[in-house]
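Residue numbers (my numbering): 106 to 468.
Glycine included, every Cβ here is placed at the ideal spot set by N, Cα and C.
Small disclaimer: the values here were computed from a predicted structure and weren't measured.
In what follows, a single structure is set out as structure tokens and then discussed.
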Amino acid sequence: MGRHTRARIDLAALRHNYALAGRLAGDAQAMAVVKADGYGHGLERVASALEGMAKRYAVATLEEAERLREAGIQQPVVLLQGFHDDADVATCHALGLEPVIHSDHQIDALADSGSTVTVWLKVNTGMNRLGFAPGDVDDRVRRLRGLDGVTLRGMVTHYACADDRNDGMTAHQNALFTDLAARYPELAFSAANSAGHFRPEAPRFHWTRPGIMLYGATPMIEESAAELGLRAVMTLESRLTAVRTLAPGEAVGYGASWRAERPTPMGIVAIGYGDGYPRHAPTGTPVWVAGARVCTLGRVSMDMLAVDLSGAPQARPGDRVELWGAQVSVDEVAQRAGTIGYELLTGVTARVPRVYEDPVVSG
Ligand SMILES: Cc1ncc(COP(=O)(O)O)c(C=O)c1O
Numbered sequence: 106m107g108r109h110t111r112a113r114i115d116l117a118a119l120r121h122n123y124a125l126a127g128r129l130a131g132d133a134q135a136m137a138v139v140k141a142d143g144y145g146h147g148l149e150r151v152a153s154a155l156e157g158m159a160k161r162y163a164v165a166t167l168e169e170a171e172r173l174r175e176a177g178i179q180q181p182v183v184l185l186q187g188f189h190d191d192a193d194v195a196t197c198h199a200l201g202l203e204p205v206i207h208s209d210h211q212i213d214a215l216a217d218s219g220s221t222v223t224v225w226l227k228v229n230t231g232m233n234r235l236g237f238a239p240g241d242v243d244d245r246v247r248r249l250r251g252l253d254g255v256t257l258r259g260m261v262t263h264y265a266c267a268d269d270r271n272d273g274m275t276a277h278q279n280a281l282f283t284d285l286a287a288r289y290p291e292l293a294f295s296a297a298n299s300a301g302h303f304r305p306e307a308p309r310f311h312w313t314r315p316g317i318m319l320y321g322a323t324p325m326i327e328e329s330a331a332e333l334g335l336r337a338v339m340t341l342e343s344r345l346t347a348v349r350t351l352a353p354g355e356a357v358g359y360g361a362s363w364r365a366e367r368p369t370p371m372g373i374v375a376i377g378y379g380d381g382y383p384r385h386a387p388t389g390t391p392v393w394v395a396g397a398r399v400c401t402l403g404r405v406s407m408d409m410l411a412v413d414l415s416g417a418p419q420a421r422p423g424d425r426v427e428l429w430g431a432q433v434s435v436d437e438v439a440q441r442a443g444t445i446g447y448e449l450l451t452g453v454t455a456r457v458p459r460v461y462e463d464p465v466v467s468g
């Protein structure tokens, strides 16, 4: 039907990746980070697929948390940036959300609202985006504990460089956070993002927060997802809509940026940057066509792109094309395009239908 451009979502792979996160978390529990529409995979479907496994979810925005509740997710939901608007404290109370408190104005809003809310305190151990300095924590804990209705569940910090096994920053952040954990043994502590799971020396504390690894892209700068034991969840696929042979000297696409030096069989694929395929992917970006690994040619257009079929001379219009998935990792495409898998996965646009595959449900 249609142009056959779609994102197939393998929910069994998602569960496989979550189970790996759980094992790597050791005695800690892994809260599933499903923000940004489940990293582009579909918030409700991802969260539902992890029900029974994930005991806690984490999102960035109140709207995402509301969607989880509307989808019937009953587990605690952590709001990683807390609330932006004072009026949202009441929604946190009504929906049982757990905002992360990173600033004094949020503590003031909690005091003014008088609502019953469970919160986490954000500690800035070196990322320097959000949170209280370790030296300010005792005072803010005292303030929060002095508020009727407010329960302080624990503390959260976020790694800046855990994707690099040779960084010196993670050890520094862990030393600061470990000190706090020792002083507040009654509270829950959470530090590890996906990369933290692959740093055996990093303490796991009580809760880890895996995001990108759940979706099967690598969180590490030097290891592929496959090397880490992760399985691609999204397969972005389309079809060949046309095949032609370019004569020597002929160019393809806007700007005529690539020109054939010899007779070159070429295919046009029905996907482009309007679907979230990166326009910055240069000539040579890998693509899987009709069972062979080939590469892109010239500039990516809004609705189509060109591929070199020299390595797949048998390819015909209608043949399946994988832009990323199990054969070509999203990380490889991202690296070619000068970005990261996170951006590509979250950037697949709304016009690309998500098609879910779940062997547990379909039998
Ligand atoms: C506070 C916080 N925790 C956890 C995560 C998950 O990170 P990752 O996707 O690298 O696992 C994020 C994502 O950016 C985050 O902002």
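Across the set G416, L335, A216, P324, the C-alpha of P324 shows the shortest separation from the C-alpha of G301. Shown here, Q134 sits in a strand according to DSSP, grouped into three states. According to the DSSP assignment, D413 belongs to the beta strand (DSSP E) that extends over 410 to 413.
Ligand 1 has no heavy atom closer than 6 Å to the beta-carbon of H277.
Of the residues T262, G254, W225, G251, the one whose Cα lies closest to the Cα of A238 is T262. Here P204 carries a strand assignment [DSSP, helix/strand/coil]. A direct Cα-Cα distance of roughly 44 Å separates S153 from P370. Excluding five sequence positions before and after A439, the CB atoms of its chain that fall closer than 6 Å to its own CB belong to I445, G446, L449, given in chain order. Setting aside the 5 residues that flank it on each side, G187 is surrounded in the same chain by P204, V205, I206, H207, Q211, each with a C-beta closer than 7 Å to its C-beta; the list follows chain order. About 17 Å separates the beta carbon of T451 from that of Y162, a gap too long to meet the 8 Å contact definition.
Per DSSP, D115 is one residue of the beta strand (DSSP E) stretching across 111 to 115.
Each of R304, L200, R384, R128 was checked against the Cα of G443, and the nearest Cα belongs to R384. Distances from the CB of G240 to the heavy atoms of ligand 1 are all 6 Å or more. For S220, no beta strand (DSSP E) run applies, since DSSP gives it neither H nor E. Non-local beta-carbon contacts of Q419 in its own chain, meaning distances under 8 Å to residues more than five positions away in sequence, involve A395 in chain order.
As for any beta strand (DSSP E) of minimum length 3 sitting wholly inside the segment 275 to 350, the runs are 293 to 295, ordered along the chain. Rounded to the nearest whole angstrom, the C-alpha separation of D463 and R367 is 45 Å. A buried status is given to A286, since no fewer than 16 other beta-carbon atoms sit within 10 Å of its beta-carbon. Here the distance from the Cβ of R304 to the nearest heavy atom of ligand 1 is not below 6 Å. For G316, the CB falls within less than 6 Å of some heavy atom of ligand 1. Inter-residue distance for G236 and Q278 is about 13 Å (C-alpha atoms, whole angstroms). The C-beta distance from L155 to L119 rounds to 7 Å, short enough to fall under 8 Å. Counting only runs of 3+ residues, the beta strand (DSSP E) found wholly inside the segment 141 to 212 occupies 162 to 164, 182 to 184, 202 to 206, in chain order. Residue pairing by DSSP places E462 opposite D115 in a beta bridge. A214 sits away from D243, with the two beta carbons spaced by 7 Å or more. Distances from the alpha-carbon of H311 to those of I317, L292, A322 put L292 closest. Here the C-alpha atom of A170 lies approximately 22 Å from the C-alpha atom of Y461.
Secondary structure note for R250: it is in no beta strand (DSSP E), and the uninterrupted alpha helix (DSSP H) holding it is 242 to 250. Sequence-distant Cβ neighbours of H198 in its own chain, meaning closer than 7 Å and more than five residues away, are S220, T221, V222. Here D408 really is in contact with G377; their C-beta atoms are around 5 Å apart, less than 8 Å. Secondary structure of P239 (DSSP, three-state): helix. Sequence-distant Cβ neighbours of R108 in its own chain, meaning closer than 6 Å and more than five residues away, are A375.
As DSSP reads the structure, P387 sits in no beta bridge. The beta-carbon distance between P458 and R111, rounded to whole angstroms, is 5 Å. This is short enough to meet the 8 Å contact definition. For V399, the uninterrupted beta strand (DSSP E) run begins and ends at 397 to 402, by DSSP.
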